[in-house]
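The block underneath contains the structure these notes are about, expressed in structure tokens.
Protein chains: 2
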Amino acid sequence: MVETEAMSRLVAAFRKLPGVGAKTAQRYAYSMLEMDGESTANFIQAIKEAKERIVLCSVCGNYCENGICKICSTRDKTTICVVGEPKDINAFEKMGGFEGVYHVLHGTLDFQKGIGVEDIRIKELASRLAGVKEVIIATNPDVSGELTASYLAGMIKPLGIKVSRLAYGISVGSEIEYADELTLQRALQDRKEL
Amino acid sequence: MVETEAMSRLVAAFRKLPGVGAKTAQRYAYSMLEMDGESTANFIQAIKEAKERIVLCSVCGNYCENGICKICSTRDKTTICVVGEPKDINAFEKMGGFEGVYHVLHGTLDFQKGIGVEDIRIKELASRLAGVKEVIIATNPDVSGELTASYLAGMIKPLGIKVSRLAYGISVGSEIEYADELTLQRALQDRKEL
């Protein structure tokens with residue numbers, strides 16, 4: 020690599036992006052050096068603008084530009100789908116067909132990492148529950164996601180609101196041969212009669 | 020994806036980086052939104068600084084910060100290794116053991132794309148040849164790299180300077196079964212007696 024401090028710092032900056040290792044960061048840094056002045060200015064401007072304009076929706080916690088996101092202002096508020104991160108909403112919206120609204124926790128409970136009830140947007144969820152018929156919990160299927168799901172179920176069920184969790188099972192189009200044990204176990208437990 | 024203009028522009032900006040598709044760009048954009056203000060400022064600063072400070076070495080055309088790069092100012096100038104892009108130098112320096120200097124063409128001849136002799140740093144190479152004993156041509160082993168190599172050989176050989184080209188052959192550690200035909204053909208042609 021070019022042994023200049025500025026180059027090292029540029030590579031280090033790119034390494035902060037998710038999944039970017041030394042080699043990819045270097046590739047990005049070189050391409051940045053090859054960019055003309057206008058493209059670089061546009062790149063920087065896009066970052067600045069996004070950071071300035073994009074805020075959290077005051078209702079659901081998704082990213083938006085105007086205080087309240089499009090989904091919260093137009094959709095059925097009686098069904099709330101609870102996700103860990105804003106990007107999880109993409110998966111649902113890409114799938115289409117879900118008519119309800121979302122709630123982004125911005126994290127999941129993880130007592131080992133010191134992430135407690137106060138650290139994620141649980142209070143905000145509690146304040147949205149009036150009039151809600153169903154809360155679908157769509158946190159990731161890992162330890163922290165499960166813990167969060169059962170905490171939320173314990174909090175919401177007593178209010179007489181239906182609480183559901185996404186089904187576990189084998190992926191559509193996958194091969195059973197390669198399914199991991201836990202997944203297969205859950206798929207067997209939750210088998211459906213035909 | 021979050022349907023805001025600022026987000027679309029940020030994703031578009033990241034897509035300009037090499038090998039970054041829609042999904043990766045989106046991932047980077049989300050991580051950018053999650054970054055705190057200081058990290059974002061550092062990220063932007065690193066890009067700005069690199070673009071301001073890093074210039075082309077006035078001798079070899081590699082990136083450097085002080086007008087003349089470290090390699091040009093300390094190494095044996097009688098052997099010049101000619102490469103297409105600054106990043107190609109990394110591969111050689113990582114390998115170690117090469118004691119000569121480099122010359123970066125910043126491109127290779129490609130008449131179909133309209134890249135002619137005047138568009139890459141050939142004139143600059145010509146002006147460095149006094150006192151040089153060998154020019155090693157290390158352009159990529161593709162049509163454009165080959166064309167450039169033979170053009171340079173035609174220009175330099177008449178001056179009584181040795182011109183060489185990197186050897187072609189099977190990769191060390193690879194399996195012959197998977198070698199492509201052209202490579203295997205060259206490996207056979209250039210076979211060495213044991």
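Here the protein sequences line up with chains A and B, keeping their order.
Using the numbering used here, the final residue of the first sequence is 213, and nothing's skipped along the way.
Using the numbering used here, the final residue of the second sequence is 213, and nothing's skipped along the way.
Note that CB positions come from ideal geometry on N, CA and C, so glycine has one too.
Because the structure is a prediction, the values reported are computed rather than measured.
For residue i, report the span of its beta strand (DSSP E) as first-last.
i	result
residue 121 of chain B	120-123
residue 98 of chain A	98-102
residue 153 of chain A	153-156
residue 46 of chain B	Element bounds for residue 46 of chain B: not the beta strand (DSSP E) but the alpha helix (DSSP H), 41-53.
residue 92 of chain B	Element bounds for residue 92 of chain B: not the beta strand (DSSP E) but the alpha helix (DSSP H), 89-93.
residue 181 of chain A	181-184
Decide if residue i is buried, meaning its Cβ has at least 16 other Cβ atoms within 10 Å, or exposed.
i	result
residue 95 of chain A	exposed
residue 131 of chain B	exposed
residue 197 of chain B	exposed
residue 47 of chain A	buried
residue 106 of chain A	buried
residue 51 of chain B	buried
residue 23 of chain A	buried
residue 97 of chain B	exposed
residue 60 of chain A	exposed
residue 110 of chain B	exposed
residue 203 of chain B	exposed
residue 195 of chain A	exposed
residue 213 of chain A	exposed
residue 36 of chain B	buried
residue 93 of chain B	exposed
residue 191 of chain B	exposed
residue 178 of chain A	exposed
residue 214 of chain A	Because chain A here runs from 20 to 213, residue 214 of chain A falls outside it and cannot be looked at.
residue 207 of chain A	exposed
Does the beta-carbon distance from residue i to residue j come in below 7 Å?
i	j	result
residue 189 of chain A	residue 171 of chain A	no
residue 119 of chain B	residue 158 of chain B	no
residue 85 of chain A	residue 108 of chain A	no
residue 148 of chain A	residue 122 of chain A	no
residue 162 of chain B	residue 99 of chain B	no
residue 25 of chain A	residue 72 of chain B	yes
residue 184 of chain A	residue 65 of chain B	no
residue 87 of chain B	residue 76 of chain B	yes
residue 173 of chain B	residue 127 of chain B	no
residue 223 of chain B	residue 210 of chain B	Summary: the structure shown does not reach residue 223 of chain B, with chain B confined to residues 20 through 213, and so no result is reported for it.
residue 91 of chain B	residue 74 of chain B	no
residue 41 of chain A	residue 33 of chain A	no
residue 136 of chain B	residue 180 of chain B	no
At what residues does the alpha helix (DSSP H) containing residue i begin and finish?
i	result
residue 71 of chain B	56-72
residue 205 of chain A	200-208
residue 144 of chain A	141-145
residue 108 of chain A	105-114
For residue i, does the three-state DSSP call read helix, strand or coil?
i	result
residue 163 of chain B	helix
residue 35 of chain A	coil
residue 176 of chain A	helix
residue 78 of chain B	coil
residue 134 of chain B	strand
residue 30 of chain A	helix
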